[in-house]
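Structure first, commentary second.
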Amino acid sequence: MAKLLEIKGLKKYFEIKKGFFSKPVFLKAVDGVSLEIKKGEAVSIVGESGCGKTTLGKTILRLYEPTGGKIVFEGRDITHEEAKNLMWYRRAASLVQQDPYGSLPSFFTIYKILEEPLIIHKVGTKEERREMIYKALEAVKLTPVDFFASKYPHMLSGGQMQRVCLARAIILKPKFIVADEPVSMLDASVRIEILKLMRELQEKMGVSFIYITHDLATTRYFSEKLMIMYAGKAVEKGPIEKVIADPLHPYTEALLNAIPDPEPENRKKIRHVPPGEPPNLVNPPPGCRFHPRCPRAMDICREKEPPEVKIGDRTVACWLYSEK
Ligand code: SF4
């Protein structure tokens, strides 16, 4: 598979206190993340809330201006491309947000909502747009399409609204979609349905996906590659089956241990989650950011940041695997 997107050492810092007489203070939401995505590939990015995964997705889409590093899409460096020159990228890369209730304008019909991006990007005649809208509704299984096209968002269920968001994300035939916690606000009963639909769209359209989630258990339904984030850093990357079957990083191991056991008789077993909270990203701990919670921390972990090392087709940032 050919490479679609490459991010190298990407950083996004938010200035939270301006420094007139003192040094400015930054929240380092994303701090040097690298990742490659091939054409048609699905990658899940997993981490606890506040680890920087949403900021990473929005920075890749150039909804946030990167602080450092590089974003290369189809061989073109778009890291600091001006917004007025990014219309082609807005068409090639789209976003599905967490909250379908808040991301659809309540005063538009579904038809209007889906027509808007086509009008903005000057795509098709009125008749051609109608055909595209109906095809997108069919692709996300909102049928009969006439029935759904005339509805307003508040007339739909959460799962149906998220299908509309997916229809809007695919209507311009993008090459790449970032889905940010797309099922976390939905009932458990429809979550797997939506993930399976995303997988179907990915396979049929050959579109690449980044699926951002805090729920490691759901990634199996969706992606072939996994990246685990902790406190603004990528701590482990690799093929999903291998990472889940044999996690290298102690944090990945902790996330896996925290997944509830599907067997009812095992549900009350104590899970081995390390105590403590993720660090404050304004002033993260020195060395490995996971060291205050890591059961295997060594002296070096408190002093020096572990480099990313390659182990076969996987990457891990942990002193257990690096030369000290
Ligand atoms: Fe734990 Fe050290 Fe590895 Fe960090 S570098 S995860 S503290 S063993």
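Quick note: to get this note's numbering, add 113 to the position in the sequence shown (first position is 1).
Beta carbons: idealized from backbone N, C-alpha and C, even for Gly.
In this text, all values refer to a predicted model and were calculated from it rather than measured experimentally.
Roughly how many angstroms separate the alpha carbons of residue i and residue j, rounded to a whole number?
| i | j | result |
| --- | --- | --- |
| K248 | F335 | 23 angstroms |
| K286 | L279 | 11 angstroms |
| P179 | P257 | 43 angstroms |
| E154 | V209 | 17 angstroms |
| L227 | A282 | 9 angstroms |
| L118 | S207 | 14 angstroms |
| D412 | A347 | 21 angstroms |
| V395 | P405 | 16 angstroms |
| V143 | A344 | 8 angstroms |
| R415 | R402 | 8 angstroms |
| M274 | P230 | 17 angstroms |
| F260 | F221 | 15 angstroms |
| N393 | P213 | 29 angstroms |
| E436 | I232 | 56 angstroms |
| D300 | E306 | 11 angstroms |
| A297 | F134 | The question names Ala, yet the displayed sequence has Ser at residue 297. Distance between the alpha carbons of S297 and F134: 43 angstroms. |
| E418 | E313 | 40 angstroms |
| I383 | E161 | Only weak support is given to the placement of I383: the predicted model assigns it a pLDDT of 45, under 50, and the value that follows is read from those uncertain coordinates. Between I383 and E161, the C-alpha separation is close to 20 angstroms. |
| K288 | T332 | 20 angstroms |
| K254 | K136 | 54 angstroms |
| G163 | G145 | 16 angstroms |
| S147 | C431 | 16 angstroms |
| K381 | D426 | Its pLDDT being 48, under 50, K381 is placed unreliably in this model, and the coordinates cannot settle the point. |
| D293 | A330 | 16 angstroms |
| G237 | M245 | 9 angstroms |
Between which two residues does the beta strand (DSSP E) harbouring residue i extend?
| i | result |
| --- | --- |
| A430 | 427-430 |
| P352 | 346-352 |
| E128 | 116-130 |
| S207 | 206-209 |
| V422 | 421-424 |
| A292 | 289-293 |
| I184 | 181-186 |
Check whether the Cβ atoms of residue i and residue j lie closer than 8 angstroms to each other.
| i | j | result |
| --- | --- | --- |
| Y202 | R243 | no |
| T428 | G319 | no |
| I158 | L140 | no |
| M340 | F322 | no |
| P266 | Q211 | no |
| L369 | I353 | no |
| P408 | P363 | yes |
| I325 | G165 | no |
| L217 | V277 | yes |
| E149 | K116 | yes |
| I111 | A252 | No answer is possible for residue 111: it lies beyond the span of the chain, which begins at 114 and ends at 437. |
| K121 | G188 | no |
| E390 | T365 | no |
| L123 | I191 | no |
| T172 | K125 | yes |
| K338 | V156 | yes |
How is the alpha helix (DSSP H) around residue i delimited, first residue to last?
| i | result |
| --- | --- |
| D259 | 258-262 |
| Y434 | Note, Y434: premise wrong, no alpha helix (DSSP H); not H, not E. |
| I232 | 223-233 |
| K239 | 239-252 |
| P363 | 363-370 |
Run through DSSP, which three-state label would residue i get?
| i | result |
| --- | --- |
| I383 | Residue confidence is low: I383 scores 45 on pLDDT, short of 50, so the model does not pin down where it sits. Its coordinate-derived value is still stated next. Coil at I383, not helix or strand. |
| V356 | helix |
| I305 | helix |
| D412 | helix |
| L339 | strand |
| S216 | helix |
| I325 | strand |
| R333 | helix |
| K197 | helix |
| V277 | helix |
| R402 | coil |
Considering only residues of the stretch 125-178, which uninterrupted alpha helix (DSSP H) runs meet the minimum length of 4 residues and lie entirely inside it, listed in chain order? The alpha helix (DSSP H) runs lying completely inside the stretch 125-178 and spanning 4 residues or more are 166-173, given in chain order.
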